[in-house]
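Visitor: Below you will find the structure I want to go over with you.
Protein chains: 2
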Amino acid sequence: MNYTTILGLIAGALTTASFLPQLIKIWKSKSSKDISLGMFIVFCFGVSLWFVYGILINALPVIIFNVITFILALAILTLAIKYRRA
Amino acid sequence: MNYTTILGLIAGALTTASFLPQLIKIWKSKSSKDISLGMFIVFCFGVSLWFVYGILINALPVIIFNVITFILALAILTLAIKYRRA
Numbered sequence: 005m006n007y008t009t010i011l012g013l014i015a016g017a018l019t020t021a022s023f024l025p026q027l028i029k030i031w032k033s034k035s036s037k038d039i040s041l042g043m044f045i046v047f048c049f050g051v052s053l054w055f056v057y058g059i060l061i062n063a064l065p066v067i068i069f070n071v072i073t074f075i076l077a078l079a080i081l082t083l084a085i086k087y088r089r090a
Numbered sequence: 005m006n007y008t009t010i011l012g013l014i015a016g017a018l019t020t021a022s023f024l025p026q027l028i029k030i031w032k033s034k035s036s037k038d039i040s041l042g043m044f045i046v047f048c049f050g051v052s053l054w055f056v057y058g059i060l061i062n063a064l065p066v067i068i069f070n071v072i073t074f075i076l077a078l079a080i081l082t083l084a085i086k087y088r089r090a
């Protein structure tokens, strides 16, 4: 594994992990009025396409990171809808 | 350009564009208490690495989408810090 691949894996891990603090925040606060539902709807759709793209080009990191990102973003979207009134 | 590349471009356009509704929302509402600063700090850092990765593998779509995403995410982070008290 060369340095470029390692950099790509770190980049993917960071952009995926970044959704965790938002998920924890909304989980604890039970408030979501400042969060854009539109963002997370479009983002989940885009990430699904990244997942299909990863399968088509046979790139395991693209597949794995996008599955995890999709789960996190969908969880945020679900809680954002649930706690919309605040 | 084959179908796989087109799919990747659509995926990139969607995940990048998804940040626009959040930027518009925070711009209009001037409220950001539900937004995780941690998410956007880690995300901006991750996207910077994706940008460097794009340069290293010489992939123009990766470079372009990550530049635009970085600008949008940094704008959201800046406004989120500015309007933190709400």
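Those protein sequences? They're chains A and B, same order as listed.
Going by this note's numbering, the first residue of the first sequence is number 5, and it counts up by one from there.
Going by this note's numbering, the first residue of the second sequence is number 5, and it counts up by one from there.
For each residue, glycine too, the CB sits at the ideal point set by N, CA and C.
Does residue 87/A come out as helix, strand or coil in the three-state DSSP assignment?
Guide: Position 83 of the first sequence, counted from the start, is the residue given in the question as residue 87/A. If DSSP states are grouped into helix, strand and coil, residue 87/A belongs with coil.
Visitor: Are there 16 or more other CB atoms within 10 angstroms of the CB of residue 61/A, so buried, or fewer, so exposed?
Guide: For this step, residue 61/A is matched to residue 57 along the first sequence. When all chains shown are included, residue 61/A counts as exposed.
Visitor: Mind the definition here: the segment 68 to 76 of chain A touches the segment 32 to 48 of chain B only if three or more C-beta pairs lie below 8 Å; say whether that holds.
Guide: Touching, no, given that fewer than three Cβ pairs across the two stretches are closer than 8 Å.
Visitor: Considering only the alpha carbon of each residue, which of 53/A, 19/A and 38/A lies closest to residue 43/B?
Guide: Taking the first residue of the second sequence as position 1, residue 43/B is located at position 39. The candidate whose alpha carbon is nearest that of residue 43/B is 19/A.
Visitor: The segment 17 to 32 of chain B: which residues have C-beta closer than 9 Å to a C-beta of chain A, in chain order?
Guide: Within the segment 17 to 32 of chain B, the residues whose Cβ lies closer than 9 Å to some Cβ of chain A are 17, 18, 19, 20, 21, 22, 23, 24, 25, 26, 27, 28, 29 and 30, listed in chain order.
Visitor: Which complete alpha helix (DSSP H) runs does the segment 34 to 71 of chain A hold, if anything under 4 residues is left out?
Guide: Taking only runs of at least 4 residues, the alpha helix (DSSP H) segments lying wholly in the segment 34 to 71 of chain A are 41 to 60.
Visitor: Given a cut-off of 8 Å, decide if residue 58/B and residue 67/B are closer than it, judged by their beta-carbon atoms.
Guide: Locating residue 67/B in the second sequence gives position 63, counting from the first residue. Locating residue 58/B in the second sequence gives position 54, counting from the first residue. For residue 67/B and residue 58/B, yes; Cβs fall inside 8 Å.
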